[in-house]
Amino acid sequence: MSETEQLLDPTTNRALMDIAHELFAERDVSALCEKVLTRAQQLTHADGGTLYITNPIRPKALEFAIVNNTSLNIYQGGVSGNRVQFTPLPLYDSFNCEPNMATVATRAAHTRELINISDVYDDEDQHKGTTQIDEQSKYHTESVLALPLINQASQLVGVLQLINAQDTEGKVIPFDQKSELILQELGRFAAVALDQQLQINSQRELLAELSSFSSPHTLLPKILKEAQSLTMADAGTIYLMEDEETEPKLRFSVIHNKTLKINKNLLGSDEQSNFNAILLKNEQGEDNLLNVASYCANTKQMVNIEDAYESTEFCFDGTKAFDESTGYRSQSFLTLPLLNHNNDVIGVLQLINAKHPKTKETIPFSKHIEPLIKGLSTYAAIALNNQILLQDHKNLLDAFIKCIAQAIDAKSPHTSAHCQRVPLLMELIAQAACEDDAVFRDFNLNEDEWYELRVSAWMHDCGKLATPDTVLEKSTKLHTMQDGIDLVLARLGTLDKGPTLTNGQTTLSHEEIKEIAEFLTSANKGGEFMKEADQDRVKELANIQWYDLDGTPHPLLSDFEVMNLCIPKGTLSVDERKIINNHMQVTIDMLESLPFPKKLRRVPEFAGGHHEKMDGSGFPKGLTREQMSLPARMMAIADIFEALTARDRPYKPPMPISQALRILRNMKDSNHIDPDLFELFVRSKVWEKYADMVLLPEQKDIESGQEYLN
Ligand SMILES: [Fe+2]
Ligand SMILES: [Fe+2]
Numbered sequence: 032m033s034e035t036e037q038l039l040d041p042t043t044n045r046a047l048m049d050i051a052h053e054l055f056a057e058r059d060v061s062a063l064c065e066k067v068l069t070r071a072q073q074l075t076h077a078d079g080g081t082l083y084i085t086n087p088i089r090p091k092a093l094e095f096a097i098v099n100n101t102s103l104n105i106y107q108g109g110v111s112g113n114r115v116q117f118t119p120l121p122l123y124d125s126f127n128c129e130p131n132m133a134t135v136a137t138r139a140a141h142t143r144e145l146i147n148i149s150d151v152y153d154d155e156d157q158h159k160g161t162t163q164i165d166e167q168s169k170y171h172t173e174s175v176l177a178l179p180l181i182n183q184a185s186q187l188v189g190v191l192q193l194i195n196a197q198d199t200e201g202k203v204i205p206f207d208q209k210s211e212l213i214l215q216e217l218g219r220f221a222a223v224a225l226d227q228q229l230q231i232n233s234q235r236e237l238l239a240e241l242s243s244f245s246s247p248h249t250l251l252p253k254i255l256k257e258a259q260s261l262t263m264a265d266a267g268t269i270y271l272m273e274d275e276e277t278e279p280k281l282r283f284s285v286i287h288n289k290t291l292k293i294n295k296n297l298l299g300s301d302e303q304s305n306f307n308a309i310l311l312k313n314e315q316g317e318d319n320l321l322n323v324a325s326y327c328a329n330t331k332q333m334v335n336i337e338d339a340y341e342s343t344e345f346c347f348d349g350t351k352a353f354d355e356s357t358g359y360r361s362q363s364f365l366t367l368p369l370l371n372h373n374n375d376v377i378g379v380l381q382l383i384n385a386k387h388p389k390t391k392e393t394i395p396f397s398k399h400i401e402p403l404i405k406g407l408s409t410y411a412a413i414a415l416n417n418q419i420l421l422q423d424h425k426n427l428l429d430a431f432i433k434c435i436a437q438a439i440d441a442k443s444p445h446t447s448a449h450c451q452r453v454p455l456l457m458e459l460i461a462q463a464a465c466e467d468d469a470v471f472r473d474f475n476l477n478e479d480e481w482y483e484l485r486v487s488a489w490m491h492d493c494g495k496l497a498t499p500d501t502v503l504e505k506s507t508k509l510h511t512m513q514d515g516i517d518l519v520l521a522r523l524g525t526l527d528k529g530p531t532l533t534n535g536q537t538t539l540s541h542e543e544i545k546e547i548a549e550f551l552t553s554a555n556k557g558g559e560f561m562k563e564a565d566q567d568r569v570k571e572l573a574n575i576q577w578y579d580l581d582g583t584p585h586p587l588l589s590d591f592e593v594m595n596l597c598i599p600k601g602t603l604s605v606d607e608r609k610i611i612n613n614h615m616q617v618t619i620d621m622l623e624s625l626p627f628p629k630k631l632r633r634v635p636e637f638a639g640g641h642h643e644k645m646d647g648s649g650f651p652k653g654l655t656r657e658q659m660s661l662p663a664r665m666m667a668i669a670d671i672f673e674a675l676t677a678r679d680r681p682y683k684p685p686m687p688i689s690q691a692l693r694i695l696r697n698m699k700d701s702n703h704i705d706p707d708l709f710e711l712f713v714r715s716k717v718w719e720k721y722a723d724m725v726l727l728p729e730q731k732d733i734e735s736g737q738e739y740l741n
């Protein structure tokens, strides 16, 4: 039994015990605050009261958690009251940082003692704030009882203040000694219960906040900032573990020093290599326990050092050299491991030079702060580990996607690096749209959407993996595994030397054969539209006979060769065109079969529409402009422009930009590509940026491109 309990009667003690159970069972801070205040009012017969709470880690102000006044019928805060309309009471003067003693509540917070005032109007120093409120509300505050709520780590959690104790007839009287004892006892439970819930809440908020970061790059500085703020540390470093399996080391990742104004985020930067990593093993392969950070990582223990210069346990040569070069004085160190859910070290958090809150002198890190920083590091490690795992998966996915694109490009040297250049063009077009303040002023991409766009561009032709090489590679009409024109020319050659090789007799002169060879060679290229007369001539030439070694005659051209040589446009037959076009359906099927996460869910649509036309005559779905997203329409232009201007296709010379833009404009005029995007492409000079990066200087044969705008 506590001293206070001994002074109270059994009934009151029982009531207090019931309240204690009630408070410890409550998990909601608002409900808890309401219970604390209402029970305190009931037990002390107080007409009104306020419960203030504060952040025990960084107490800056007393916030009104709940305000009750029975006579005035005021109920603000808690779970059943209205919204609190009072502004928090600052604990320190904002100008001179002196403790604010102007109100009873802040005075109780600073003195950490119970304050019992019989009549605030008799108390010269304490009634200024009270009289102001009284004037506004026509209330008369008289007796006040204020108790600071202190947690088990001796930190201020809040202040419980009661006003106007009443006797049985409702007359205002001073708070008696019994009320003081009751409030002290109740305040003891309330402080612990409130502290627990506030800690849980602040940890929950911290975890939610840390989890909201989308990459270690942004998360790490936030962790360090929180850790420095919590421990009042002037400086800090976060090291990340690398090469755990081979040569484990701690890599400097984030460095912050307030005094020296150093703020470095080294993650993934070239500068990171300037900082020597700390090896976890020495040359003998033993744990490196000399460096405090590697000690932490090896032993998974927190180390609190009052003064590095006095330390005999660890080597601080690096720190001393740093101090010498900067004039800084590193003194107190708090170093702790960041452990993931498997209890593996993923990094080390090091805080340097705790500062006294008022004098700003360097002091040792308090023992009280150790469990708090440990808690923070646990949440930080969870969030960080999630990010590292996510990043690993993302890196793997990126590499896999690029691998597929490279495999497609490798399948066809004739289309070279098409799958790698379309993403570049896509980025340029999308960037132009993001920067546009006219037609595309509402178009913008966040980090995730940019990623979705890039993945789509990299994967846009993935279905070509299933396209036979003989079709994909068909650079001439007679090309199968190799160009069949050579065989045709060889047959013609036998005719030219007929009498010596066969028993047949050629009726064609050498010049005629040469002319036929030239005609067929030209027809085989498929560069321009083939006239009907030329197609008829091919069929006619097929009837020429050539003789094999046995003297058996054969037609000069097989049916297969005639059919291919008569392809009116390009090099592909109708069937082959179907096979090629099918790459789009395969692309869509492949992408739709992948369980893309929500952030990448539009990849199949973005990637699968690049052969659609605005008038609905494209393939594979025959979508119209209205049925396609803007990125899908961008992809169509990127795909065409890359294919037109590709400078390394063996069967055609590099096309100048003027011609490519002319073709694109024709496609726009015939409603095949998006007119607004074409205009953006020309106006924003996407073509020029792309040419500067990828094309040959001679392909850039225009200046402004204005002539392609209507
Ligand atoms: Fe394609
Ligand atoms: Fe393509």
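If you count by this note's numbering, then the sequence shown holds residues 32 to 741, one letter each, in order. Quick reminder that beta carbons are idealized off the backbone N, C-alpha and C, glycines included.
1) Closer than 7 Å by C-beta to I419: which residues in its own chain qualify, once you throw out the five before and the five after it? Chain order, please.
2) Measuring from each Cβ to the nearest heavy atom of ligand 2, keep the ones under 5 Å and list them in chain order.
3) Who are A385's beta bridge partners in DSSP?
4) Are at least three pairs of beta-carbons, each pair with one atom in the region 237 to 252 and one in the region 215 to 226, less than 8 Å apart?
5) Leaving out five residues on either side along the sequence, give the residues of the same chain with a beta carbon under 6 Å from the beta carbon of L588.
6) Assuming N555 is part of the alpha helix (DSSP H), what are its boundary residues?
7) Leaving out five residues on either side along the sequence, give the residues of the same chain with a beta carbon under 7 Å from the beta carbon of L421.
8) Ignore the nearest five residues each way along the sequence and tell me which others in K505's own chain have a CB closer than 7 Å to its CB.
9) Between the Cα of Q186 and the Cα atoms of Q462, R45, I84 and G80, which residue gives the shortest distance?
10) Any idea which residues DSSP pairs L496 with across the strands?
11) So, at 6 Å on beta carbons, what are the nonlocal neighbours of T531 in its own chain, with the 5 sequence-adjacent residues on each side left out?
12) Out of S624, N612, T525 and D567, which one is the CA nearest neighbour of P584?
13) Considering only the alpha carbon of each residue, which of N741, I432 and F591 lies closest to L605?
14) Which complete beta strand (DSSP E) runs does the region 176 to 257 hold, if anything under 3 residues is left out?
15) Which same chain residues, not among the five before or five after N627, have their C-beta less than 7 Å away from its C-beta?
16) If you measure between the beta carbons of T161 and V151, is that distance less than 8 Å?
17) Specify, as a first and last residue, the run of the beta strand (DSSP E) that A96 falls within.
18) Got a sec? Which residues, its chain only, sit under 7 Å from V453 by beta carbon, not counting five neighbours each side?
19) Select from N195, A722, A222 and V486 the residue whose C-alpha is nearest the C-alpha of L428.
20) Alpha carbons only, please: which of N131, N100, G647 and N322 is nearest the one belonging to S342?
21) Which ranges would you report for the beta strand (DSSP E) in the region 391 to 436 if only whole runs of at least 3 residues count?
22) Under the DSSP definition of a beta bridge, which residues are partnered with S146?
23) Considering only the alpha carbon of each residue, which of L415, L456, I97 and D620 lies closest to S715?
24) Assuming T262 contacts L415 under a Cβ cut-off of 8 Å, what Cβ separation, rounded to an integer in Å, is found between them?
25) Which partner residues of A77 appear in the DSSP bridge assignment?
26) Buried or exposed: where does M390 fall if 16 or more other Cβ atoms within 10 Å of its Cβ makes it buried?
27) Taking 6 Å as the limit between beta carbons, can you name the residues of its chain near H141, skipping five residues before and five after?
28) Just verifying my parser: in three-state terms, what is the DSSP assignment at D700?
29) Restricting to Cα atoms, I'd like to know which of A221, F95, H703 and N697 is closest to F650.
30) Spatial neighbours of D78 within its chain, please: C-beta separation below 6 Å, excluding the five flanking residues on both sides.
31) What is the rounded straight-line gap between the Cα of Q73 and the Cα of S210?
The structure says:
1) Working through the sequence shown from its first residue, we reach residue 419 at position 388. Correct list, in chain order: P247 and I377.
2) D492 and D670
3) On the sequence shown, residue 385 is found 354 positions in, with the first residue counted as 1. Answer is A264 and I394.
4) no
5) Residue 588 sits at position 557 when you count from the first residue of the sequence shown. Hits under 6 Å: A573.
6) In the sequence shown, the residue the question calls residue 555 occupies position 524. Looking at the DSSP string, the run of the alpha helix (DSSP H) that includes N555 is H541 to K556.
7) Indexing the sequence shown from 1 puts residue 421 at position 390. Around L421: no qualifying Cβ.
8) As a first step, residue 505 is located in the sequence shown; it is residue number 474 there, counting from the start. So the qualifying residues of the chain are T602, L603 and E607.
9) Position 155 of the sequence shown, counted from the start, is the residue given in the question as residue 186. That would be I84, whose Cα lies nearest to the Cα of Q186.
10) Against the sequence shown, residue 496 aligns to sequence position 465. BP columns for L496 are empty, so no partner.
11) Mapped onto the sequence shown, residue 531 falls at position 500. Interpretation of T531 is limited by its pLDDT of 37, a score under 50 that renders its predicted location unreliable; the figure taken from the coordinates is listed afterwards. Cβ within range, chain order: n/a, list empty.
12) As a first step, residue 584 is located in the sequence shown; it is residue number 553 there, counting from the start. P584 has its Cα closest to that of T525, out of S624, N612, T525 and D567.
13) Taking the first residue of the sequence shown as 1, we reach residue 605 at position 574. Per the sequence shown, residue 605 should be read as Val rather than Leu. Residue F591 is the option with its Cα nearest to V605.
14) 187 to 197
15) Sequence index remark: in the sequence shown, residue 627 carries index 596 (1-based). Sequence inspection shows Phe at residue 627; the Asn mentioned does not correspond to that position. Cβ neighbours of F627 beyond the five flanking positions: V634.
16) Counting from 1 along the sequence shown, the entry for residue 161 is found at position 130. Counting from 1 along the sequence shown, the entry for residue 151 is found at position 120. Against a cut-off of 8 Å, the Cβ pair of V151 and T161 comes out as a contact.
17) Indexing the sequence shown from 1 puts residue 96 at position 65. That run of the beta strand (DSSP E) goes A92 to N100.
18) Locating residue 453 in the sequence shown gives position 422, where the first residue counts as 1. Excluding positions up to five away in sequence, the list reads A488, H491, A669, D670 and E673.
19) Looking up residue 428 in the sequence shown gives position 397. Minimum Cα distance to L428 is reached at V486.
20) Numbered from 1 along the sequence shown, position 311 holds the residue referred to as residue 342. Cα-wise, what sits closest to S342 is N322.
21) none
22) One-based indexing of the sequence shown puts residue 146 at position 115. Going by the sequence as given, residue 146 is Ile instead of Ser. I146 is bridged to A177.
23) Residue numbering aside, residue 715 sits at position 684 when the sequence shown is read from its first letter. For S715, the nearest C-alpha among the options comes from L456.
24) Translated into positions along the sequence shown, residue 262 becomes position 231. Translated into positions along the sequence shown, residue 415 becomes position 384. Not quite, the Cβ-Cβ distance comes to about 18 Å (not below 8 Å), so this is no contact.
25) The count along the sequence shown starts at 1 and reaches residue 77 at position 46. A77 is bridged to A196.
26) Within the sequence shown, residue 390 is the residue found at index 359, counting from 1. According to the sequence provided, residue 390 is Thr. The question's Met does not apply to it. With fewer than 16 other Cβ atoms within 10 Å, it is exposed.
27) In the sequence shown, counting from the first residue as 1, residue 141 sits at position 110. Excluding residues within five positions, the ones whose Cβ falls inside 6 Å are P130.
28) As a working note, residue 700 is residue 669 in the sequence shown. Of the three classes helix, strand and coil, the one that applies to D700 here is helix, per DSSP.
29) Stepping through the sequence shown from its first residue, residue 650 is reached at position 619. Per the Cα distances, H703.
30) Here the question's residue 78 lines up with position 47 in the sequence shown. Only T101, S102, N195 and Q197 meet the Cβ criterion.
31) As a first step, residue 73 must be located in the sequence shown, where it is residue number 42. As a first step, residue 210 must be located in the sequence shown, where it is residue number 179. Approximately 11 Å, taken between the alpha carbons.
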